[in-house]
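Peer 1: Got a structure for you, questions after.
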C-alpha cells in the first residue's frame with residue numbers, strides 16, 4: 001500500500017514516515033500542500049494522510065482537489081489539532097474518510113491505516 005504523508009512539521013513527518021515504513025508501507029512525503037498535490041499526481045497513492053494547516057495549499061484544498069479528480073480512488077485521513085471541530089466537519093463534507101487529532105499515538109494511526117488496507121483487498 002502506497003501512502004502519501006503531507007505534513008509541514010518536519011518532526012511529525014519523519015516520525016510518521018519511520019513508523020509507517022516499519023509497518024511495511026511504501027511512503028511518499030510532502031512538506032507542504034503544493035508538493036503534496038504534485039506527488040499525488042505523480043505517484044497516485046492508495047491513502048493520503050494530510051495536515052489541515054500547511055503552506056501554499058491547505059489540507060482542505062487537497063481533499064477537494066483529490067475527491068474531484070480521483071473520486072474514491074484514494075482514501076484521505078486528516079490530521080488536525082484539538083478543538084477544530086468545524087474544520088473536521090468541513091473536511092468530511094469535502095470527502096475526507098477519517099481524521100485524527102494531534103497529538104496522537106502512532107499506534108492509533110497505524111490501526112486506522114490497517115482498516116483502509118483491508119478495504120483495498
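Residue numbers (full-length UniProt numbering): 1 to 121. Every residue, glycine too, gets a C-beta built ideally from N, C-alpha and C. Bear in mind the structure is a predicted one, so any value in this text is a computation, not a measurement.
#1: At which residue ranges does the UniProt domain "Response regulatory" (2-117) contain complete alpha helix (DSSP H) runs of 4 or more residues, listed in the order of the chain?
#2: Take the Cβ of residue 105 as the centre, count every other Cβ of all protein chains shown within 10 Å, and call the residue buried at 16 or more, exposed below.
#3: For residue 80, count neighbouring C-beta atoms within 10 Å of its own C-beta (all shown protein chains included) and say buried if the count is 16 or more, exposed if not.
#4: With distances taken Cα to Cα, identify the nearest neighbour of residue 20 among 48, 58 and 74.
#5: Buried or exposed: residue 68, going by 16 or more other Cβ atoms within 10 Å of its Cβ?
#6: What is the rounded straight-line gap between the Cα of residue 85 and the Cα of residue 26?
#7: Go through its chain and collect everything with a Cβ distance to residue 28's Cβ below 8 angstroms, but skip five positions before and after it.
Peer 2: This is what the structure gives:
#1: Runs of the alpha helix (DSSP H) inside the UniProt domain "Response regulatory" (2-117): 10-22, 33-43, 59-70 and 85-94.
#2: exposed
#3: buried
#4: 48
#5: exposed
#6: Taking the straight line from one Cα to the other gives about 31 angstroms.
#7: 2, 3, 4, 5, 39, 43 and 45
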